[in-house]
Amino acid sequence: MNVMRIVGVLLLVAGLAGFLTGGFSFTKDATQAKLGPLELTVKERETVQIPQWMSLGAMVLGGVVLVLGFRKS
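The numbering of the sequence shown is the working numbering, which starts it at 28 and goes up by one.
Next comes the structure, spelled out in structure tokens:
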């Protein structure tokens with residue numbers, strides 16, 4: 028497989044995953060207070076939303092790149 032086909036497939040998969048899940052969340056540690064040797068940390072959960080138009084755009088772009096990858100062969 029050439030590079031254009033691989034990029035096209037990756038864009039299609041990423042767009043489909045973003046469309047189906049709608050986003051992802053992760054947990055990070057944040058320091059709230061530090062008093063001498065004592066340190067208070069809090070785990071914060073953050074969510075990143077992926078817009079549907081961006082997911083659809085990635086799928087369309089992936090399809091175009093995939094078709095162009097097959098045409099040049």
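Idealized CB from N, CA, C, for every residue including glycine.
DSSP lists Phe51 as the beta-bridge partner residues of valine 75. Here serine 52 is exposed, its C-beta having fewer than 16 other C-beta atoms within 10 Å. At a Cβ-Cβ threshold of 8 Å, glycine 90 and leucine 39 count as neighbours. The shortest C-alpha to C-alpha distance from glycine 42 to any of Ile77, Arg98, Lys70 is the one to Ile77.
In chain order, Phe46 place their CB closer than 7 Å to the CB of glutamine 79, counting only its own chain and leaving out the 5 sequence neighbours on each side. Shown here for alanine 85: same chain residues with a beta carbon closer than 8 Å to its own, the five before and five after excluded, namely Leu38, Leu39, Ala41, Gly42, Gly45 in chain order.
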